[in-house]
Each structure stands twice: as structure tokens, then as C-alpha cells.
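Asks: Protein chains in written order, with our numbering: chain A, 1 to 140; chain B, 1001 to 1140; chain C, 2001 to 2140; chain D, 3001 to 3140.
Quick one: the structure is below, questions incoming.
Number of protein chains: 4
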Amino acid sequence: MEAKWVETTLRVRYAETDAMGVVYYGRYLEWFEVGRSEFMRVGGFPYSRLEAEGVFLPVVEVRCRYRRPARYDDLVTVRTAVAAVTPVRLTIVYEIRREGELLAEGSTEHAFVDAQGRPLNLQRTRPDLWQVLVAVVSGT
Amino acid sequence: MEAKWVETTLRVRYAETDAMGVVYYGRYLEWFEVGRSEFMRVGGFPYSRLEAEGVFLPVVEVRCRYRRPARYDDLVTVRTAVAAVTPVRLTIVYEIRREGELLAEGSTEHAFVDAQGRPLNLQRTRPDLWQVLVAVVSGT
Amino acid sequence: MEAKWVETTLRVRYAETDAMGVVYYGRYLEWFEVGRSEFMRVGGFPYSRLEAEGVFLPVVEVRCRYRRPARYDDLVTVRTAVAAVTPVRLTIVYEIRREGELLAEGSTEHAFVDAQGRPLNLQRTRPDLWQVLVAVVSGT
Amino acid sequence: MEAKWVETTLRVRYAETDAMGVVYYGRYLEWFEVGRSEFMRVGGFPYSRLEAEGVFLPVVEVRCRYRRPARYDDLVTVRTAVAAVTPVRLTIVYEIRREGELLAEGSTEHAFVDAQGRPLNLQRTRPDLWQVLVAVVSGT
């Protein structure tokens, strides 16, 4: 699978900074979320529709490496791609850049679960959604 | 109704500060929430139980006046009291203090609603909860 | 002074929602901040430049009235206008709308202070900035 | 070096939950921060004092694995230990538990930097602080 990157741009909020004068490390995880939301929307299958279908994608693991600080009022670009998808897991990777310069990079791993939080094999239980998701992810 | 004040103490998190080196103004609203949660718990009727009964208390109005900044690692006390309760509304007031000094003060007004967000007259639809709530609020 | 309204549009983040399924009440204060940042930027005088000049605008009072809930993935518009400006205070008003419908409205009052948090009479201490600010605010 | 674990307990705030009804994944990073702040304080050397000495500890990498969701009003325990310390890096590990059950686990890696964000070799530039820090970390 060749990676398809989707980009979205954010303006850094004062609320996102901390007393060190830079963006608080936990806030990058919100930007990752914005990135994957846009990835899904651009692919024609917003995450909100997935939830409406009774499928949820909680994060089971996150990793982030911080290279340079972002600051208030910076315009940052979140680049998002899907690294891997299986019937039970989705792995997404992210880059945060400011004018091309890499500020942070990371990844999230997601499980497919139902509204009660039980793990789903998406391919088996919802083959219709599985096909759409694979298409979105592969950009076809 | 004579006001009963409930106090709870918080340690300021780095995440709560901003680039001005002080606590971000929006974060005080989380502290108000901590204050009213403790108020309910101390009264023997945690807010989570109210939700389990199908009654929710969304905020319909908030006001906060900021007098002095709070900083990372400060120990702040949230003082909470109920200013007024009617079958459709609850008004709560708050003070944020550090070693007695007033940092901020404010209020929230809440509506009683059901799980679908429809307004409730608590006294009429749930007289059992109404009686408990009045007892909690009046400290009897 | 006739009000000049500046609009900016936000996509609601999952991070901004809470267990009631709607946006947490404290998060609207971040949106107000986004609104006033855009107001300043559109006027040609970004808030970051004000800080670079040694002038800060901490919030001394906030008020917000919540009319209808915002939800994940909603596109909301923040409308911002300056209600009043004096040499020591700035009052800003906000409306949060979704497809025209009013979700929330509020105001913030700001003091002019220096880097040490001491109150400033901007007109007296920094007449240059005062003139620029009045022009930005009045939209001239 | 044998790990010394420090525990601190938190009450989950409504603000920390999201529309899935559980704590938002980014919020765990605040709890990690609370954990390491308490670790330092318990060791007699609060992080705020380190900053007052001109030494900062920005996060250069974070990892978190989510095992079970935390919910509003849960009492969760943050367990914190130092996994490694060198003159230029500090690695801290965390466990989030509820009544013993593991909800999440993770780690942060920190660099020593000065107020301008330049990397410091703490042992060489501030041998006094280095000795104190090693003592805090090793619990001696």
C-alpha cells in the first residue's frame, strides 16, 4: 500500500501554549485527531458517519516525538497518512510542520469497537464498511 | 436559604498555564466543575448518580471574574455554594482562593434536562430526586 | 462607535466534546480567543505583535450564555466585535453560530497590562499603540 | 538503579471525557505530568524550583498504551518512576490504575534545556542540580 498524505492547516491557539511559552505536549494529540478527521473527510467518509454506523475507533496506542516547539499564532500543517489497516486495527502516522520544518511526528493505533466498546472484526461483521474504509485508506 | 460552602483543593497543572505564565482563563471553568462535583458528592448525591437517573445539568450561563493570576504548582481552593434552586434551574457560585486570597469568582446556571436534552421540571417529573436535591443543596 | 464584526470558522474537535456528547462549556472560551485573535489579525495588528511590544491583554471578566449545543464535526462560526475600548479596558463580544443558528453568545473584558502584569493606561504610556488599536477596533 | 514508584490519586473531571463517554486520549498526558510533578515534590525538589534555577525539562518523546477506558468521577492512581537518567536526558514511566486495574501505561523522555531552549549537559553545567536530581531519582 502506498501512503496517501492528507494535509490540513491549523492556527496555534493561546490556549494550546503553556508557561514555557510553547505548545503543551498533550495538545499535539488533538492535532493528530484533527489530521485523521480531515483524512477521513477528504476520503468521503467522515468519522462521524462511522460512529453513526455504530463503529468506533478508540486509540489504543499513541507515540509522539517532539523536534521543535510550536508557538502561539504559528500556522502549522498536520500531515496524515494510514500506515496499516487490518480487519481489527488501523495505524495512522502524522507529521506536524511549520513552513516545511518538521516540529513533531507520531502515530496512533486504533481498534475497531462497537458502541459497548467490544472489539470488532470489521471485515467480518461489517463487510460494507470494511470495503469503503479500505478504499478511503488506499485513496482509490 | 443559607449558603453552605464546600471546599476542595487543587494543585495547578502545567497544562493549565499558558504563554503568559499564568492559568488560562478557560481552565477556571474546569475548576468550577470540580467544585460542583465535590459539592454534590459531599452532600451524598454525586452528579454521576443524577446522570444514571437520566437527569443532566448542562450549563446555560457562566460568569467569571479574574482578580489575580494562578500559577503552576499553586495550591488553590475552590469554594462552592448553591445560590438558588428552582424546579427548572440551579445557580451555583464559586470562589477560587490561594492561601485565602481571592483569585477569581464566578457562577454557573444550570437547566435540568433529560438524556435527549429536553428541559425538565424536576419537581413535577421526578419529585423523588427533587427532594433529595433540595436536601443536598440546603445541607439538611 | 459602530460595531465591525469579524467572522472565523472552526470545525469542532472530538477533544472539545464531553460525555454528554456535546462541546464542553469551558471550550467555548477557546473559541472566543480564536475569534479575537482573528479580529486583531484582520485589522492588521495581530495580538502576537502587541505582546512583542510588551503589552498584554489578560481577561478580567468573561460571560457566556449557552443556547444550543455544538457537536463533534460541526462547522461553527465565531463572530467577534469590539463593544467598547478605553485607555485601560477592552470589551469584546462574541456569537457562536452554526448555519446561522445562534449556539452561544458572550463577552470578555480585558485590561491592558505590561509584562509584569501591572495595569497600563495605553493612551498615556503607548500613544502609538493606542492609535493603532483604536483604528483596528473602529475598522478605519 | 532500582525504580522508586510514587503514587498520586486523581478524580476524573467531566472536562476530561469526550463524546465516547470516556476520558479523551490526550488527557492522559496531563495525568503523566501530574505524576512527574508529584514525583519531584515527594523527592523534595519540586519542578518549579528547577525552573527557578533556569533548567527546563521539555518532553522530547511520549508513548502511551491505553488498555481500559477511564470514566467521569473515577478515582485513578498515577504511578510514576524514573526509568533512566543521564546528564542530558530523563526517562519517566507511568501507570494509570483504577482500584489496581491497569488502565494505561506510558513513558516520557525529557531533555535538559536552558530558558532559551538550548540543550544542557546538567552534570557539567550545573553539577549541584545534577547531584540533587540523581538523589531525588534514586530515592536516596
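For each residue, glycine too, the CB sits at the ideal point set by N, CA and C.
Remember, it's a predicted structure, so these values are computed and weren't measured experimentally.
In this structure, how does DSSP classify residue 1081 of chain B when only helix, strand and coil are distinguished?
Replies: It is a strand residue.
Asks: Taking the straight line between their C-alpha atoms, what separation do you get for residue 46 of chain A and residue 134 of chain A?
Replies: Rounded to the nearest angstrom, the two C-alpha atoms are 14 angstroms apart.
Asks: In chain order, what residues of the same chain lie with their CB nearer than 7 angstroms to the CB of residue 2154 of chain C, ignoring the 5 residues before and after it?
Replies: It is not possible to answer for residue 2154 of chain C, since the shown part of chain C is limited to 2001 through 2140.
Asks: Under 7 angstroms between C-beta atoms, does residue 2094 of chain C make it to chain D?
Replies: No - not a single Cβ of chain D is within 7 angstroms of the one on residue 2094 of chain C.
Asks: I need the boundaries of the beta strand (DSSP E) containing residue 2106 of chain C, first residue and last residue.
Replies: Segment 2101-2111, the beta strand (DSSP E) holding residue 2106 of chain C.
Asks: According to DSSP, simplified to helix, strand and coil, what is residue 3050 of chain D?
Replies: Residue 3050 of chain D falls in the helix class under three-state DSSP.
Asks: State the DSSP-derived secondary structure class of residue 2036 of chain C, mapped to helix, strand or coil.
Replies: Residue state, collapsed to three classes: helix.
Asks: Going by DSSP, what residues sit across from residue 3127 of chain D in a beta bridge?
Replies: According to DSSP, residue 3127 of chain D bridges with nothing at all.
Asks: Mind checking residue 3003 of chain D: buried by the 16 CB within 10 Å criterion, or exposed?
Replies: It counts as exposed.
Asks: For residue 2010 of chain C, which three-state DSSP category applies?
Replies: It is a strand residue.
Asks: Using only the alpha-carbon positions, how far apart do residue 66 of chain A and residue 1041 of chain B sit?
Replies: Roughly 40 angstroms separates the two Cα atoms.
Asks: To which residues does DSSP link residue 3088 of chain D through a beta bridge?
Replies: None; residue 3088 of chain D has no bridge partner.
Asks: So what does residue 1065 of chain B bridge to, in DSSP terms?
Replies: According to DSSP, residue 1065 of chain B bridges with B/1105 and C/2061.
Asks: Please report the straight-line C-alpha distance between residue 1103 of chain B and residue 1021 of chain B, rounded to a whole angstrom.
Replies: Between residue 1103 of chain B and residue 1021 of chain B, the C-alpha separation is close to 15 angstroms.
Asks: Give the interface partners of residue 18 of chain A over in chain B, defined as CB-CB distance under 8 angstroms, in chain order.
Replies: Near residue 18 of chain A (Cβ distances below 8 angstroms), the residues of chain B are 1014, 1015, 1017, 1018 and 1019.
Asks: What's the call for residue 3018 of chain D, buried or exposed, on a 16-neighbour Cβ count within 10 Å?
Replies: It is buried - the Cβ of residue 3018 of chain D has at least 16 other Cβ atoms within 10 Å.
Asks: Taking Cβ positions only, does residue 2026 of chain C come closer than 7 angstroms to chain B?
Replies: Cβ-Cβ to chain B under 7 angstroms: yes for residue 2026 of chain C.
Asks: What residues match up with residue 3094 of chain D in a beta bridge as DSSP calls it?
Replies: Answer by DSSP bridge pairing, in chain order: D/3080 and D/3106.
Asks: Is it buried or exposed for residue 2013 of chain C, if we count other Cβ within 10 angstroms and need 16 for buried?
Replies: Buried, since its Cβ has 16 or more Cβ neighbours within 10 Å.
Asks: Do residue 3059 of chain D and residue 3108 of chain D have their C-beta atoms within less than 7 angstroms of each other?
Replies: Their beta carbons are under 7 angstroms apart, which means residue 3059 of chain D touches residue 3108 of chain D by this criterion.
Asks: Measuring only the C-alpha atoms, how far is residue 3091 of chain D from residue 3100 of chain D?
Replies: When rounded, the distance between both Cα atoms is 24 angstroms.
Asks: Strictly under 7 angstroms for the Cβ-Cβ distance: is residue 1061 of chain B near chain C by that measure?
Replies: Chain C, which has a Cβ nearer than 7 angstroms to the Cβ of residue 1061 of chain B, makes this yes.
Asks: Could you check the C-alpha separation between residue 2057 of chain C and residue 1026 of chain B for me, to the nearest Å?
Replies: Cα to Cα, the separation comes out at about 15 angstroms.
Asks: Alpha carbon to alpha carbon, how far is residue 3080 of chain D from residue 3111 of chain D?
Replies: Taking the straight line from one Cα to the other gives about 18 angstroms.
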